[in-house]
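Working notes for the structure below.
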Amino acid sequence: MPCVGDWLNSPLSIVQGIFAQNVPNSDWEKKVTEYFKEKLKENNATNWVPSLNDVPVHYLKPNSLVKFRCMVQDMFDPEFYMGVYETVDPNTNARVLHFGKYRDVAECGPQQEIDLNSSQTVTSERQTFYCVPVPGESAWVKEISFLTELVLCYTIYASQARVSPSTSYTPSRHKRSYEEDEDMDLHPSKQKEQHMGNSCCSGGDIHGCVEPKRLETEASAGHHVISPNCSPPLDLNFPLPGEKGPACLVKVYESWESFKVNDVLEVFGVLSVDPVLSIVNSEERDSSTLDPMECMDTAEEQRVHSPPASLVPRIHVILAQKLQHINPLLPACLNEEESKTCEFVSNFMSELSPVRAELLGFLTHALLGDSLAAEYLILHLISTVYARRDVLPLGKFTVNLSGCPRNSAFTEHLYRLIQQLVPASYHLRMSIESMNHSRFIPHKDYTANRLVSGLLQLASNTSLVIDETQLEQGQLDTAGVHNVTALGNLITWQKVDYDFNYHRMEFPCNINVLITSEGRSLLPSDCQVHLQPQIIPPNMEEYMSSLLTAVLPSVLNKFRIYLSLLRLLDYSISDEVTKAVEEDFVEMRKKDPESVTADDLHKMLLVARFLSLSAGQTTLSRERWLRAKQLEALRKARLQQQQCVNGNEL
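Residues 1 to 650 (the UniProt record's numbering) make up the sequence shown, in order.
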């Protein structure tokens, strides 16, 4: 094993070594990135790195290497910092160069001062992202990620990668860490005392018991943190209610233009929770000599952009990558033609048919014995927007499951089953109250200079289950009408129009929407499937719970891999099959020109696409096309039958 303790526990020491060897050569930054990239390529090395998703921040060693799986919720303005600075000893006039990259504060020795007028000073720029845990991330994703890492890193870090409180840290503690540690989160002053106690020895220095002189490396001096004791609790700005986990200020040094709001990232970087940040900001705030004209930021903006590091830690990114998916059961990147990845995919595809059959049976039971609805639910769960033609998103497949029992909590239990299958999801209970009082659309707060999140700020491939069975008679107010409109735009165009007060900005998205309703949904959909229950369980909760209990964990994991993997497969239609489909459609139009439209062709091609992918086929065959036509005929016949029963409901 390589020197794990060096590059994991003290990454800044590694950076210092590379910097010292290569200065004044500017290539030192590239060599740092290459060094850590090579280290993380080693066997399971990424699992050695502690994750902020799993371990509370106060159990991690400051300035150690950490990782964070997150969504970019907001992007702050770029900031300037001293990339390279020079210190001078007033007594000996000895000069030393230091790097400011990957740090929030510049440090120098006890007998040194920073020469702000040095010709060696290099001012650099970095971008700050406000990142939150992936909204609606399923509990099984967190558990599997944690257990995978625990196997490798527990023995390595038992005595190295955490500060002294970590001696009492155990997996059982982890499972309730973010709930039990809320007192620490809501009272950051306690945590600051803990950090000060851990970091200050007789001499006062974290690393050498010598009090260093520090200076904030940020060029903008207007960021102050209002004391938590004097201000309301900091809103961590999570898009969904009830979310747990840390929010982080992620500082990116290279290629930040390749990332955008709502991207899902995995970042590896240096953890900064230095209490000096809070102290410096507090002193600046309390200073009576501070000239208000020197600070252009409002107090609210300072509070939001410079929160206590104990509450919102900083990560100085060394490496970052966009994630194709967040399913821990799959290789992180399936585009790479690595032997392990190819072997994984080919092995799973060889057993795809029985997995599909078992999943179909499982969902048939979940849908009360309706196998046709189960077929369409599989197609829905593997659907994804694969391209956009002008404003039209291709590949979206919103299903309206009508005929759902109104007073039986059916949707609630169906959602819990779906939650066990997909990596991220949210259950939206559609009622007059929720429509009128919830914030669906993110909006810009110009006072705090931040993007305030809304329910529809979700990561790609999130499953959104909308329960319309709870909708009762009532009056929608202006906010409610806007929220319903936003849902309609999300479904139809796969976009959310964020509110910037003076204008709206389109943010494209890729959200799988399933609508459950009694009759036809008030919202648009790509496909309506009317549920025909074959069984009516006397106790819905007991029935649905027994379904999950009966499935082996290994089988459940296969379902999870199946649904995530098939979304990522490429698909094409050969010229020969395209011609056959066109001829078939012409014949259908001749037989029934009234009811067969271009929209029907589009829908059949969509069903054929996902039907082929669900069987592991990346091209359309004649057999799958005929099966798609058959499914559509059965679905339409059922709707016609229901229309005859209920008049013009449909």
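Each residue gets a CB set at the ideal place from its N, CA and C atoms; glycine is no exception.
- Message: For Ser118 and Asp74, what's the separation of their Cα atoms in angstroms?
- Response: In the sequence shown, counting from the first residue as 1, residue 118 sits at position 118. In the sequence shown, counting from the first residue as 1, residue 74 sits at position 74. Taking the straight line joining both Cα atoms gives about 35 Å.
- Less than 8 Å separating the beta-carbons of Leu271 and Val134? By one-based count along the sequence shown, residue 271 stands at place 271. By one-based count along the sequence shown, residue 134 stands at place 134. Cβ atoms of Leu271 and Val134: not closer than 8 Å.
- Message: Going by C-alpha to C-alpha distance, which of Val586, Ala637, Asp297 and Leu414 sits closest to Ser546?
- Response: On the sequence shown, position 546 is the one that residue 546 refers to. Considering only alpha carbons, the answer is Leu414.
- If you count every other CB in all the chains shown that lies within 10 Å of the CB of Lys260, and 16 or more means buried, which is it? Residue mapping note: residue 260 aligns to position 260 of the sequence shown, counting from 1. So Lys260 ends up on the exposed side.
- Query: In three-state terms, what does DSSP make of Met75?
  - Reply: As a first step, residue 75 is located in the sequence shown; it is residue number 75 there, counting from the start. Strand at Met75.
- Query: Between His443 and Met588, what straight-line distance do the alpha-carbon atoms span, to the nearest angstrom?
  - Reply: For this step, residue 443 is matched to residue 443 along the sequence shown. For this step, residue 588 is matched to residue 588 along the sequence shown. Their Cα atoms are separated by approximately 48 Å.
- Task: Tell me whether Tyr85 sits in a helix, a strand or coil according to DSSP, three-state version.
- Result: Along the sequence shown, read from residue 1 onward, the residue named residue 85 stands at position 85. It is a strand residue.
- Task: Assign His443 to one of three DSSP states: helix, strand, or coil.
- Result: Sequence index remark: in the sequence shown, residue 443 carries index 443 (1-based). Three-state result, His443: strand.
- CA-to-CA distance, Leu265 to Ala332, given in whole angstroms: In the sequence shown, residue 332 corresponds to position 332, counting from 1. In the sequence shown, residue 265 corresponds to position 265, counting from 1. Using only the alpha carbons, I get a separation of about 11 Å.
- Under 8 Å Cβ to Cβ from Tyr386, same chain only, skipping five residues before and after it: list those, please. As a first step, residue 386 must be located in the sequence shown, where it is residue number 386. Result list for Tyr386: Leu394, Gly395 and Tyr571, in chain order.
- CA nearest to the CA of Pro533, picked from Arg638, Pro90, Val96 and Asn461: Locating residue 533 in the sequence shown gives position 533, where the first residue counts as 1. Residue Arg638 is the option with its Cα nearest to Pro533.
- Query: Per DSSP, which one or two residues make a beta bridge with Gly242?
  - Reply: On the sequence shown, residue 242 is found 242 positions in, with the first residue counted as 1. Per DSSP, none; premise fails for Gly242.
- C-alpha distance - Leu95 paired with Arg69, whole-angstrom precision: As a working note, residue 95 is residue 95 in the sequence shown. As a working note, residue 69 is residue 69 in the sequence shown. One point to set straight first is that residue 95 is Arg, not Leu, in the sequence displayed. Distance between the alpha carbons of Arg95 and Arg69 is about 40 Å.
- Task: Indicate whether Leu566 and His325 have their beta-carbon atoms separated by less than 8 Å.
- Result: Locating residue 566 in the sequence shown gives position 566, where the first residue counts as 1. Locating residue 325 in the sequence shown gives position 325, where the first residue counts as 1. Not a contact, by the Cβ cut-off of 8 Å.
- Are the CB atoms of Val32 and Val49 nearer to each other than 8 Å? Sequence index remark: in the sequence shown, residue 32 carries index 32 (1-based). Sequence index remark: in the sequence shown, residue 49 carries index 49 (1-based). No, they are not a contact pair.
- Message: Give me, in chain order, the residues of the same chain whose beta-carbon lies closer than 7 Å to that of Lys558; leave out the 5 immediate sequence neighbours on both sides.
- Response: Stepping through the sequence shown from its first residue, residue 558 is reached at position 558. Taken in chain order, the residues that qualify are Val355.
- Message: So if DSSP puts Lys636 in a beta bridge, which residue, or which two residues, is it bridged to?
- Response: Mapped onto the sequence shown, residue 636 falls at position 636. Beta-bridge pairing links Lys636 to no other residue.
- Can you say whether Lys251 is buried or exposed, counting buried as having 16 or more other CB atoms within 10 angstroms of its CB? To locate residue 251, count along the sequence shown from 1; it is residue 251. With 16 or more Cβ atoms within 10 Å of its Cβ, Lys251 is classed as buried.
- Query: From the DSSP output, which residues share a beta bridge with Ile466?
  - Reply: Indexing the sequence shown from 1 puts residue 466 at position 466. In the DSSP output, where bridge partners are listed per residue, Ile466 has Leu428 and Ile515.
- Query: Around the C-beta of Phe610, are 16 or more other C-beta atoms found within 10 angstroms, so that it is buried, or is it exposed?
  - Reply: The residue given as residue 610 occupies position 610 in the sequence shown. By the neighbour-count rule (16 or more Cβ atoms within 10 Å), Phe610 is buried.
- Query: Does the Cβ of Pro24 have 16 or more other Cβ atoms within 10 Å, making it buried, or fewer, making it exposed?
  - Reply: On the sequence shown, residue 24 is found 24 positions in, with the first residue counted as 1. Exposed.
- Have a look at the DSSP bridge pairing and note the partners of Glu137. One-based indexing of the sequence shown puts residue 137 at position 137. Bridge partners of Glu137: Ala424.
- Message: Please tell me whether, using a cut-off of 7 Å, the distance from the CB of Val551 to the nearest non-hydrogen atom of the ligand GTP is below it.
- Response: In terms of ligand content, the structure shown is empty, and the ligand GTP therefore cannot be addressed.
- Query: Who are the Cβ neighbours of Gly488 in its own chain at under 8 Å, not counting the five residues just before and after it?
  - Reply: Reading the sequence shown from its first residue, position 488 is the one you call residue 488. So the list reads Leu523 and Pro524, once near-sequence residues are dropped.
- For Leu531 versus Asp370, is the C-beta distance shorter than 8 Å? For the purposes of this step, residue 531 is identified with residue 531 of the sequence shown, where counting begins at 1. For the purposes of this step, residue 370 is identified with residue 370 of the sequence shown, where counting begins at 1. Against a cut-off of 8 Å, the Cβ pair of Asp370 and Leu531 comes out as a contact.
- Touching or not, the segment 574-584 and the segment 345-360, by the rule of three or more beta carbon pairs under 8 Å? no
- Task: Locate the alpha helix (DSSP H) running through His413, then write down its first and last residues.
- Result: Here residue 413 corresponds to residue number 413 of the sequence shown, with the count starting at 1. Phe410 to Gln419 is the span of the alpha helix (DSSP H), which, as asked, contains His413.
- Query: Would you call the segment 444-453 and the segment 469-480 touching, i.e. three or more CB-CB distances under 8 Å?
  - Reply: no
- Message: Are the CB atoms of Thr384 and Asn262 within a distance shorter than 8 Å?
- Response: The sequence position of residue 262 within the sequence shown is 262, counting from 1. The sequence position of residue 384 within the sequence shown is 384, counting from 1. No. Outside cutoff.
- C-beta atoms of Trp28 and Phe36 nearer than 8 Å: As a first step, residue 28 is located in the sequence shown; it is residue number 28 there, counting from the start. As a first step, residue 36 is located in the sequence shown; it is residue number 36 there, counting from the start. Cβ atoms of Trp28 and Phe36: not closer than 8 Å.
- So, helix, strand or coil for Glu343, using DSSP? Here residue 343 refers to the residue found at position 343 when the sequence shown is read from its first residue. Here Glu343 sits in helix by DSSP.
- Query: Which partner residues of Tyr502 appear in the DSSP bridge assignment?
  - Reply: On the sequence shown, residue 502 is found 502 positions in, with the first residue counted as 1. Tyr502 pairs with nothing; no bridge assigned.
- Query: Can the beta-carbon of Ala608 be found closer than 8 Å to that of Ser138?
  - Reply: In the sequence shown, counting from the first residue as 1, residue 608 sits at position 608. In the sequence shown, counting from the first residue as 1, residue 138 sits at position 138. Against a cut-off of 8 Å, the Cβ pair of Ser138 and Ala608 comes out as no contact.
- Message: In whole angstroms, give me the CA-to-CA distance for Ser26 and His98.
- Response: In the sequence shown, counting from the first residue as 1, residue 26 sits at position 26. In the sequence shown, counting from the first residue as 1, residue 98 sits at position 98. Cα to Cα, the separation comes out at about 13 Å.
- Task: Measure the C-alpha to C-alpha separation of Ala628 and Leu360 and round it to an integer number of angstroms.
- Result: Along the sequence shown, one-based indexing puts residue 628 at 628. Along the sequence shown, one-based indexing puts residue 360 at 360. Between Ala628 and Leu360, the C-alpha separation is close to 16 Å.
- Beta-bridge partners of Ile114, as assigned by DSSP: As a position in the sequence shown, residue 114 is number 114, starting the count at 1. For Ile114, which the question treats as bridged, DSSP gives the partners Thr87.
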